[in-house]
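Comments concern the structure below.
Numbering (my numbering), first residue to last: 146 to 722.
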């Protein structure tokens, strides 16, 4: 049940009646007519912009459209009143029975309340994390991992067919550096003194990998030239690092559907096929790029290169795909990888990148647009940096990694649920402060605690009801949910289906976290009102039927909280201690 969608249907029906009466012309597009909560709740329950968006195409004054629309809407028994505000906005107050029906719908539909078929089963690929396989995931990866996983769950909830994918960057020079670093730990395991030069990875996390390599090959690589062991150690090291990555992700409750190897693109003709596909479209040419203003990027050369006409698909400049020496640029395998996604039949693609990949957005979108003839949209979400604090001071050290705070450092200190929820308390493109003390603080200022506390309070009510012998399987009389404070909570519950649709349409899972905090706030407000007004308490002594009805509102709140936490990947807490 999406009450906002239902009332919008009523508004459209009223507009169509006005068309039939000749008040409005027939050739109108109602796509931009919206029904949403008013900015000020004192103005009403819902507001519509119908008169404003239809004024120009009808060549009528917004106020005249609104006045005529009021007459139609007030004839609807679900709408108690409709008032015109300002130049033509229309505010509506709904019958209390509608809010009571929302409570009933939430209880009847359970976890399905708020789910939709908006996605119509479209295949969406969400690629996230995709860190280089050179070490444990750090706190920056944590934010991208949580964001991507919550987004995938949100889209699934909204009716999309979602594939979660991790792109293993195992085709570049950084994996050779990993192999050399592991080789040093291997020599160390044989009792040799080693020195980690600049550019190698000195973290302690490679110590056990060196030991495992020794256990596997003995002293076969000791004293041997790099050409004898590099490829084997590279493959071995990559596998061990990916085992570490999978374990890190599992600690956050994240499981990928696909791990796609960049290395699989090389020597298999896949890169060539992607570039040839662009060539067939007339988008590949030989040329010399003008030097960019400011700092020169790594892929710029003052000589002829093979270039992709990315400017024809929205990019600022054309991009090189092959260097003058015949080697592929970093961009070429990424083009091939996204071409593979397009060929796998995905209807939409979403990439979750770190903030440092901002310069990659336009070129990647251009490539997908060109490869799919504009049929497959690519949305790239950038996650900004996370600043860590503990005891009021910046927190930077990790003994395990040597130079950065790992994902596991964070999860071990505050738990996966608190980590995930807090990572979504800011929009992805805004920087985020992660204060270990505040994340664990039991107060209203801690969103994850406040939401979990609401759920725990509902469970407390249910336990007390059971102890009192109240039969919660009895049919509630929802008309007893009538006090203004109760209706306010029911109104917030009614926003859930609409909120899910908006969050899924904009690919913004943080909206779920924001909404859950607001819902919890309304629930706690009602709970606290019950301290002063006994008639607002969920359990009414000696009045089982009334208690069943009051508790129905608490149960409906819990339905939405659990659904929202499920999307965020956070386990609901049964009780707080």
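For each residue, glycine too, the CB sits at the ideal point set by N, CA and C.
Since we're looking at a predicted model, the values are computed, not measured.
Can you check which of these residues, 316, 295, 315, 320, is closest to residue 308 by C-alpha distance? On the chain shown, position 163 is the one that residue 308 refers to. The residue with the shortest Cα to Cα distance from residue 308 is 295.
Which of the three DSSP states is assigned to residue 677 in this structure? Locating residue 677 in the chain shown gives position 532, where the first residue counts as 1. Residue state, collapsed to three classes: helix.
Go through the stretch 526-601 residue by residue and report every complete run of the beta strand (DSSP E) that reaches 3 residues or more, in order. With a minimum length of 3 residues, the continuous beta strand (DSSP E) runs that stay inside the stretch 526-601 are 531-535, 577-580.
Please work out which residues of its chain come closer than 8 angstroms, Cβ to Cβ, to residue 626, disregarding the five sequence neighbours upstream and downstream, and give them in chain order. Locating residue 626 in the chain shown gives position 481, where the first residue counts as 1. When the five nearest sequence neighbours on each side are left out, the beta carbons in the same chain lying within less than 8 angstroms of the beta carbon of residue 626 are those of 244, 245, 248, 632, 635, 694, 695, 697, 698, in order along the chain.
Endpoints, the beta strand (DSSP E) within which residue 192 is located: Taking the first residue of the chain shown as 1, we reach residue 192 at position 47. Segment 191-193, the beta strand (DSSP E) holding residue 192.
If the criterion is Cβ atoms closer than 7 angstroms, does the pair residue 419 and residue 475 meet it? For the purposes of this step, residue 419 is taken as the residue at position 274 of the chain shown. For the purposes of this step, residue 475 is taken as the residue at position 330 of the chain shown. No, these two residues do not count as a Cβ contact at 7 angstroms.
Going by DSSP in three states, residue 234 sits in which element: helix, strand or coil? Start at 1 with the first residue of the chain shown, and residue 234 comes out as number 89. Reduced to three states, the DSSP call for residue 234 is strand.
Do residue 655 and residue 552 come within 7 angstroms of each other at the CB atom, strictly closer than that value? Translated into the one-based positions of the chain shown, residue 552 becomes position 407. Translated into the one-based positions of the chain shown, residue 655 becomes position 510. No, the pair does not count as a contact, with Cβ atoms beyond the cut-off.
Please classify residue 519 as buried or exposed, where buried requires at least 16 neighbouring CB atoms within 10 angstroms. Here residue 519 refers to the residue found at position 374 when the chain shown is read from its first residue. Counting Cβ neighbours within 10 Å, residue 519 comes out exposed, since fewer than 16 surround it.
Compare the C-alpha of residue 154 against each of 169, 168, 193, 165 and name the closest. Counting from 1 along the chain shown, the entry for residue 154 is found at position 9. Cα-wise, what sits closest to residue 154 is 193.
May I ask you to list the residues that DSSP assigns as paired with residue 311? On the chain shown, position 166 is the one that residue 311 refers to. BP columns for residue 311 point to 404.
Is residue 430 buried or exposed, if buried means 16 or more other CB atoms sit within 10 Å of its CB? Stepping through the chain shown from its first residue, residue 430 is reached at position 285. Under this definition residue 430 is an exposed residue.
So residue 453 is in the alpha helix (DSSP H); what residue range does that whole segment cover? By 1-based counting over the chain shown, the position of residue 453 is 308. Not the alpha helix (DSSP H): residue 453 falls in the beta strand (DSSP E), residues 450-453.
The alpha helix (DSSP H) with residue 301 in it runs from where to where? Residue numbering aside, residue 301 sits at position 156 when the chain shown is read from its first letter. Residues 284-302.
What separation, rounded to the nearest whole angstrom, lies between the Cα atoms of residue 212 and residue 240? Start at 1 with the first residue of the chain shown, and residue 212 comes out as number 67. Start at 1 with the first residue of the chain shown, and residue 240 comes out as number 95. Each residue's Cα considered, the two are about 21 angstroms apart.
For residue 415, report the span of its beta strand (DSSP E) as first-last. Along the chain shown, one-based indexing puts residue 415 at 270. Judged by DSSP secondary structure, residue 415 falls outside any beta strand (DSSP E) and instead within the alpha helix (DSSP H) spanning 415-425.
Out of 581, 449, 421, 412, point me to the one whose CA is closest to residue 433's CA. Looking up residue 433 in the chain shown gives position 288. Checked all of 581, 449, 421, 412; the closest Cα to residue 433 is 449.
For residue 378, which option in 412, 320, 407 has the closest C-alpha, if you only look at C-alpha atoms? Counting from 1 along the chain shown, the entry for residue 378 is found at position 233. The candidate whose alpha carbon is nearest that of residue 378 is 320.
Only counting the same chain, and skipping five residues up and downstream in sequence, which positions put a Cβ closer than 8 angstroms to that of residue 723? This structure does not reach residue 723, given that the chain is present from 146 up to 722, and the question cannot be answered.
For residue 725, the nearest candidate out of 270, 596, 672, 588 (CA to CA): Outside the shown range of the chain, which is 146 to 722, sits residue 725, and nothing can be said about it.
In whole angstroms, what separates the C-alpha of residue 230 from that of residue 188? Along the chain shown, one-based indexing puts residue 230 at 85. Along the chain shown, one-based indexing puts residue 188 at 43. Each residue's Cα considered, the two are about 9 angstroms apart.
Other residues of its chain near residue 576: CB distance less than 6 angstroms, five sequence neighbours each side excluded: Position 431 of the chain shown, counting from 1, holds the residue named residue 576. 529, 530, listed in sequence order.
Could you pull the DSSP bridge partners for residue 268 from this structure? Translated into positions along the chain shown, residue 268 becomes position 123. BP columns for residue 268 point to 306.
Delimiting residues of the alpha helix (DSSP H) encompassing residue 339: Along the chain shown, one-based indexing puts residue 339 at 194. Element bounds for residue 339: n/a, residue is neither H nor E.
What three-state label does DSSP hand residue 467 in the structure shown? Start at 1 with the first residue of the chain shown, and residue 467 comes out as number 322. DSSP, reduced to helix, strand and coil, places residue 467 within a strand of the structure shown.
Quick one: is residue 722 buried, meaning 16 or more other Cβ sit within 10 Å of its Cβ, or exposed? On the chain shown, residue 722 is found 577 positions in, with the first residue counted as 1. So residue 722 ends up on the exposed side.
Since residue 702 contacts residue 606 with CB under 8 angstroms, what's their CB separation in whole angstroms? Taking the chain shown and counting its residues from 1, the one referred to as residue 702 is at position 557. Taking the chain shown and counting its residues from 1, the one referred to as residue 606 is at position 461. Wrong, their Cβ atoms sit about 10 angstroms apart, outside the cutoff.
Does the count of Cβ pairs from the stretch 677-691 and the stretch 586-599 closer than 8 angstroms reach three? They do not touch, by the three-pair rule.
In terms of alpha-carbon separation, which member of 424, 563, 650, 384 lies closest to residue 264? One-based indexing of the chain shown puts residue 264 at position 119. The shortest C-alpha separation from residue 264 is found at 650.
Residue 258 (DSSP reduced to helix, strand or coil): Here residue 258 refers to the residue found at position 113 of the chain shown. Looking at residue 258 - three-state DSSP - the assignment turns out to be coil, as it is neither helix nor strand.
Any beta strand (DSSP E) of 3 or more consecutive residues that is wholly inside the stretch 202-254: Fully enclosed beta strand (DSSP E) runs of 3 or longer: 224-230, 234-239.
Return the residue from the list 600, 716, 614 that minimises the CA-CA distance to residue 690. Within the chain shown, residue 690 is the residue found at index 545, counting from 1. Checking every option, the nearest Cα to that of residue 690 belongs to 614.
Given 8 angstroms, three or more beta-carbon pairs between the stretch 465-474 and the stretch 296-305: The stretch 465-474 vs the stretch 296-305: no contact.
Assigned secondary structure, residue 498 (DSSP; H/G/I helix, E/B strand, else coil): For the purposes of this step, residue 498 is taken as residue 353 along the chain shown, with counting starting at 1. In the structure shown, residue 498 sits in a strand (DSSP, three-state: E or B).
Residues in the same chain with beta-carbon distance under 7 angstroms from residue 571, minus the five sequence neighbours each way, listed in chain order, please. Taking the first residue of the chain shown as 1, we reach residue 571 at position 426. Same-chain partners within the cutoff: 577, 655.
Determine the extent of the alpha helix (DSSP H) in which residue 350 is found, giving its start and end residues. Working through the chain shown from its first residue, we reach residue 350 at position 205. Following the DSSP letters along the chain, one finds residue 350 in no alpha helix (DSSP H), marked with neither H nor E.
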